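Residues in the sequence shown are numbered from 1 upward in steps of one, following UniProt numbering.
A virtual CB, placed ideally from N, CA and C, is assigned to each residue, including glycine.
Since this is a predicted model, take the numbers as computed values, not measurements.
This report refers to the structure that appears directly beneath it.
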Amino acid sequence: MSVSMQRGVVSSAPYARLPDKDEEAVNGRAAPPPRTKMQLMGRAWRSVWPVGAIGIRVRFGVSVLLLLTGKVLDLAPPFALKLVVDDLTAPAGPKFPLVGLLLFGISRFLSACVGELRNIVYATVSANAERIVALDVLEHLLNLSFRYHISRKTGSVLRSVSRGASSFSDVIRIFLFQFCPVILQVVLVCTLLLVRFDWWFALITFLSITLYVVYTIFTTGWRDKHRRHLADKDNAFNQRAVDCLLNYETVKYFNAEEHEKRRYDIALREYRDASILSQQSLSVLNMGQNFIISIGVTSAMFLAADQVSRGEQSVGDFMMIQQFILTLYTPLGFLGTYWRMINQALVDVESMLNILEENVEVKDIPLAPSLHVDKAHIEFRNVSFSYKPGQPLLKGISFEVKPGQTVALVGASGAGKSTIGRLLYRFFDVTDGQILIDGQNIAHVSQQSLRRSIGIVPQDCVLFNDSFAYNIGYGIKSRQLTDASMDDIVAAAKAASIHDFIMSQPEGYETKCGERGLRLSGGERQRIAIARAILKNPAIMLYDEATSSLDTITEQAIQSSLTEIAKGRSVLCVAHRLSTVVNSSRIIVLKDGEIAESGTHNELLARNGIYADMWRRQQNQAQLEGSLADLDRPLRS
Numbered sequence: 001m002s003v004s005m006q007r008g009v010v011s012s013a014p015y016a017r018l019p020d021k022d023e024e025a026v027n028g029r030a031a032p033p034p035r036t037k038m039q040l041m042g043r044a045w046r047s048v049w050p051v052g053a054i055g056i057r058v059r060f061g062v063s064v065l066l067l068l069t070g071k072v073l074d075l076a077p078p079f080a081l082k083l084v085v086d087d088l089t090a091p092a093g094p095k096f097p098l099v100g101l102l103l104f105g106i107s108r109f110l111s112a113c114v115g116e117l118r119n120i121v122y123a124t125v126s127a128n129a130e131r132i133v134a135l136d137v138l139e140h141l142l143n144l145s146f147r148y149h150i151s152r153k154t155g156s157v158l159r160s161v162s163r164g165a166s167s168f169s170d171v172i173r174i175f176l177f178q179f180c181p182v183i184l185q186v187v188l189v190c191t192l193l194l195v196r197f198d199w200w201f202a203l204i205t206f207l208s209i210t211l212y213v214v215y216t217i218f219t220t221g222w223r224d225k226h227r228r229h230l231a232d233k234d235n236a237f238n239q240r241a242v243d244c245l246l247n248y249e250t251v252k253y254f255n256a257e258e259h260e261k262r263r264y265d266i267a268l269r270e271y272r273d274a275s276i277l278s279q280q281s282l283s284v285l286n287m288g289q290n291f292i293i294s295i296g297v298t299s300a301m302f303l304a305a306d307q308v309s310r311g312e313q314s315v316g317d318f319m320m321i322q323q324f325i326l327t328l329y330t331p332l333g334f335l336g337t338y339w340r341m342i343n344q345a346l347v348d349v350e351s352m353l354n355i356l357e358e359n360v361e362v363k364d365i366p367l368a369p370s371l372h373v374d375k376a377h378i379e380f381r382n383v384s385f386s387y388k389p390g391q392p393l394l395k396g397i398s399f400e401v402k403p404g405q406t407v408a409l410v411g412a413s414g415a416g417k418s419t420i421g422r423l424l425y426r427f428f429d430v431t432d433g434q435i436l437i438d439g440q441n442i443a444h445v446s447q448q449s450l451r452r453s454i455g456i457v458p459q460d461c462v463l464f465n466d467s468f469a470y471n472i473g474y475g476i477k478s479r480q481l482t483d484a485s486m487d488d489i490v491a492a493a494k495a496a497s498i499h500d501f502i503m504s505q506p507e508g509y510e511t512k513c514g515e516r517g518l519r520l521s522g523g524e525r526q527r528i529a530i531a532r533a534i535l536k537n538p539a540i541m542l543y544d545e546a547t548s549s550l551d552t553i554t555e556q557a558i559q560s561s562l563t564e565i566a567k568g569r570s571v572l573c574v575a576h577r578l579s580t581v582v583n584s585s586r587i588i589v590l591k592d593g594e595i596a597e598s599g600t601h602n603e604l605l606a607r608n609g610i611y612a613d614m615w616r617r618q619q620n621q622a623q624l625e626g627s628l629a630d631l632d633r634p635l636r637s
């Protein structure tokens, strides 16, 4: 997937996208206008006619050829039926219609076989298109900024992806192999009626079909707003359920089951109302279509019966005309259904395109070189950052992490500590200033090489619903090597003091961790994160409040592991508990997006400023918790 050119300097990087109305309010830019059906069809066409895929194009061409062959074969059964009836009603007496019956059976069989063969050939085209689109959208979603993923509802995005991936090929399949054959059959039958019979047959058929198509298109266009509204409500109630289940524990903590049921019921009622409106509009469409079809068929039959009664046509001709009209109007009755299916698929295609065309906020410059890390010297040089214009979160931050040093960032919540870590990983581009590693601006090197050089132990390690081996081995993925060997995984687990726990599980390293790793305790997940970092073996480590959610005993055990893997590496540590950073080479105190204080633990205590006040508060809190624990012991004994 290609990426467009990024601005050459960091200071001119744009603010990241904000979702929907917030984006319009901040940037003064409205959402892109809805795409036309032709634009959507054109984009879908490229998925089944990919550039350079000769085999896929050949299969597509063969599918079209088989379609045309099948439509020609569909004209044979009415002719065969005419031969049968004429033989049975011959003036000289009835005779056995062998030729007509054989022609009827063979033509129907061949027509069905050609149709199934077409499906077999096109299956590869369809599956390939779905695979390419799904792969493209996953790649694009992974390239989108951190801001996009925290501002979008995952359930809605996944639903759009699941429906949209298949819709790219479905819209072409429905249009080309279901909708267009009906139109082709109309042309063939009208031409045949015009050449073989009275031109009135062709005129009646053509006018009724034209009226049917025009009515269907206009009425379906009117229904589009109802279908879009229904799709929105469908996404809404599914997202409501996803949110509820993802926050299962929170719901239980606050006894909010009834509240969630009410919220879900409101969403279901809105979906029900939208569904009723959609069904009512469908009924209006179907009634109009049936009225037009009935008028057309009845008129043609009156004309045919009149000509037979006057001896101008045979009974076989009457049956052939009837069969032609029935074979025409039967699929025509599904024309509206096909058109609705096309429109629904186009809605899903548009939803997918909205994701695929979402702006990639953080991009590599053209031919970006790889980051070469020698000493792992980190420098933040006058860095400013804003999530929204006019609301700066960081203001001219400057500091260094010299090779082998551990620099800690502390401060109140919202001071910008974790944001600095995200900027180092380049989840966002800075609004102003530069971030340098060994003198190289991280905005001018490839993101892959940057992130390959940094390891992280986050506040809450989210795990894949896979084995311990897979989750620990994930640490080697960024090095673009083959999968980690079991020896490497076991060595990393032992270094992180998680090996014994894993071996106590029923299937050892092949035991599943559960969705998001929620079957494990916080300390166990943190040790998995440490094992990943050890396996990754980066030159730079980032600890993002790695022990803030753990109890004191677990924190002390984890802290010793963190200290061990920090040896010989440059470490940036975002901390809430000051006791974990007292031995840091330097401690930076952030306040309101600026550096308020900086120094070692003892230097900052001597200044008796913000850090000293934070230290006293946390020490008093620790003493209070210890006293309460002492008081609690006799009560339990």
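Coil, strand or helix - residue i by DSSP
{"i": "G28", "result": "For G28, the pLDDT reaches just 36, beneath the cut-off of 50, and the residue's location in the model is therefore unreliable, leaving the point undetermined."}
{"i": "Q185", "result": "helix"}
{"i": "I276", "result": "helix"}
{"i": "V457", "result": "strand"}
{"i": "Y470", "result": "helix"}
{"i": "residue 641", "result": "There is simply no residue 641 to check, as the chain begins at 1 and stops at 637 in what is shown."}
{"i": "R519", "result": "coil"}
{"i": "I266", "result": "helix"}
{"i": "K512", "result": "strand"}
{"i": "D374", "result": "coil"}
{"i": "L367", "result": "coil"}
{"i": "K567", "result": "coil"}
{"i": "S504", "result": "coil"}
{"i": "E257", "result": "helix"}
{"i": "S608", "result": "The sequence given here has Asn at residue 608, not Ser. Residue state, collapsed to three classes: coil."}
{"i": "A491", "result": "helix"}
{"i": "T89", "result": "coil"}
{"i": "D22", "result": "With a pLDDT of only 33 at D22, under the threshold of 50, the placement of this residue in the model should not be trusted, and no figure is reported."}
{"i": "A496", "result": "coil"}
{"i": "S560", "result": "helix"}
{"i": "K95", "result": "coil"}
{"i": "G414", "result": "coil"}
{"i": "E361", "result": "coil"}
{"i": "F175", "result": "helix"}
Cβ-based burial, residue i [other Cβ within 10 Å; buried from 16]
{"i": "F237", "result": "buried"}
{"i": "A469", "result": "buried"}
{"i": "H149", "result": "exposed"}
{"i": "E312", "result": "exposed"}
{"i": "E361", "result": "buried"}
{"i": "L135", "result": "exposed"}
{"i": "Y253", "result": "exposed"}
{"i": "T205", "result": "buried"}
{"i": "M503", "result": "exposed"}
{"i": "N620", "result": "exposed"}
{"i": "W199", "result": "exposed"}
{"i": "Y248", "result": "exposed"}
Terminal residues of the alpha helix (DSSP H) in which residue i lies
{"i": "K252", "result": "Y248 to Y253"}
{"i": "R452", "result": "Q447 to R452"}
{"i": "Q39", "result": "K37 to V48"}
{"i": "R57", "result": "I54 to L73"}
{"i": "S418", "result": "K417 to L424"}
Strand pairing of residue i, partner residues [DSSP]
{"i": "A408", "result": "C573 and I587"}
{"i": "Q440", "result": "I437"}
{"i": "L463", "result": "R516"}
Boundaries of the beta strand (DSSP E) in which residue i is found, first to last residue
{"i": "P392", "result": "Q391 to V401"}
{"i": "G433", "result": "D432 to I437"}
{"i": "E139", "result": "Careful: E139 lies outside any beta strand (DSSP E), inside the alpha helix (DSSP H) at L98 to N143."}
{"i": "R381", "result": "I378 to K388"}
{"i": "Y543", "result": "I540 to D544"}
Contiguous beta strand (DSSP E) assignments of at least 3 residues, all confined to the stretch 197-249: none
What are the complete alpha helix (DSSP H) segments, minimum 4 residues, inside the stretch 285-350? 315-332
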